[in-house]
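*Asks:* Residue 114 in UniProt numbering sits at position 114 of the sequence shown, and the numbers go up by one each step.
For reference, the structure I am asking about is given below.
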Amino acid sequence: MTSDEKPPIVELTAEESWRFVEKTFHGRLALSVGNRPDIFPVNYYAHDGVLLFRTAPGTKLAELTVNSQVAFEVDGIYSDEAWSVVMHGTTRELELSAEIEAAEQLPVRPWVRTEKHHFVELTPTSISGRFFNLGPEPGRD
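And the structure:
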């Protein structure tokens, strides 16, 4: 099938969307507190149907404490294809020592030379994705 024959946009199932999330390790976390949206790049690890990321005390952790309802987006772009997955869900900071010890065994480490001792778990309540077959606008080359 040539690229002209492929559909330009393909809706992904929740399972297909999750597979893209599992193979990616960075995304954008969208928060909102007091009608003021914020967005943060984070690296994460997807496992057992949840995302896990680390953070330090600051704006992100404070906002998650005020409003645990979030959106999260991951995407990828190749030469002739792209994809995007958006999920909505709730977050919670891991507090029990057994949870923290288990999280420390997973492959989620800070990308920058900073200490991030707080683990946050995002549990999706919805997930949707799209796959894009890239190409020029119809009738244009």
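Think of the CB as a built atom: it goes at the ideal place given N, C-alpha and C, for glycine as much as any other residue.
Nothing here was measured: the structure is a model prediction, and the numbers come from that model.
How many Å lie between G76 and E101 at the Cα?
*Replies:* Translated into positions along the sequence shown, residue 76 becomes position 76. Translated into positions along the sequence shown, residue 101 becomes position 101. Taking the straight line from one Cα to the other gives about 32 Å.
*Asks:* So which of G27, T91, T59 has the shortest CA-CA distance to Y44?
*Replies:* Along the sequence shown, one-based indexing puts residue 44 at 44. Selected option, being the one with the closest Cα: G27.
*Asks:* DSSP three-state label for W83, please.
*Replies:* Residue numbering aside, residue 83 sits at position 83 when the sequence shown is read from its first letter. Correct three-state label for W83: strand.
*Asks:* From F53 to V120, what does the alpha carbon distance come to, in whole angstroms?
*Replies:* Reading the sequence shown from its first residue, position 53 is the one you call residue 53. Reading the sequence shown from its first residue, position 120 is the one you call residue 120. So the two alpha carbons sit approximately 5 Å from each other.
*Asks:* With DSSP collapsed to three states, give me the class of R113.
*Replies:* On the sequence shown, residue 113 is found 113 positions in, with the first residue counted as 1. In the structure shown, R113 sits in coil (DSSP, three-state: anything other than H, G, I, E or B).
*Asks:* Suppose the cutoff is 6 Å on Cβ atoms and the five residues either side in sequence are ignored; what does the same chain contact list for T24 look like?
*Replies:* The count along the sequence shown starts at 1 and reaches residue 24 at position 24. The residues are V74.
*Asks:* For P110 and K116, what's the separation of their Cα atoms in angstroms?
*Replies:* In the sequence shown, counting from the first residue as 1, residue 110 sits at position 110. In the sequence shown, counting from the first residue as 1, residue 116 sits at position 116. About 7 Å.
*Asks:* Tell me which residues share the same chain as S17 and place their Cβ nearer than 7 Å to its Cβ, disregarding the 5 neighbours each side in the sequence.
*Replies:* To locate residue 17, count along the sequence shown from 1; it is residue 17. V85, I127, S128, G129, listed in sequence order.
*Asks:* Does the distance from the C-beta atom of G80 to that of L12 stay below 8 Å?
*Replies:* In the sequence shown, residue 80 corresponds to position 80, counting from 1. In the sequence shown, residue 12 corresponds to position 12, counting from 1. In the sequence under discussion, the amino acid at residue 80 is Asp, which differs from the Gly named in the question. Against a cut-off of 8 Å, the Cβ pair of L12 and D80 comes out as no contact.
*Asks:* In whole angstroms, what is the alpha-carbon distance linking T91 and L61?
*Replies:* The residue given as residue 91 occupies position 91 in the sequence shown. The residue given as residue 61 occupies position 61 in the sequence shown. Using only the alpha carbons, I get a separation of about 10 Å.
*Asks:* In whole angstroms, what separates the C-alpha of L96 from that of H118?
*Replies:* Residue mapping note: residue 96 aligns to position 96 of the sequence shown, counting from 1. Residue mapping note: residue 118 aligns to position 118 of the sequence shown, counting from 1. If I take the Cα positions, the gap works out to 12 Å.
*Asks:* P37 and A30: beta carbons closer than 8 Å?
*Replies:* Taking the first residue of the sequence shown as position 1, residue 37 is located at position 37. Taking the first residue of the sequence shown as position 1, residue 30 is located at position 30. Cβ distance < 8 Å, so P37 and A30 count as in contact.
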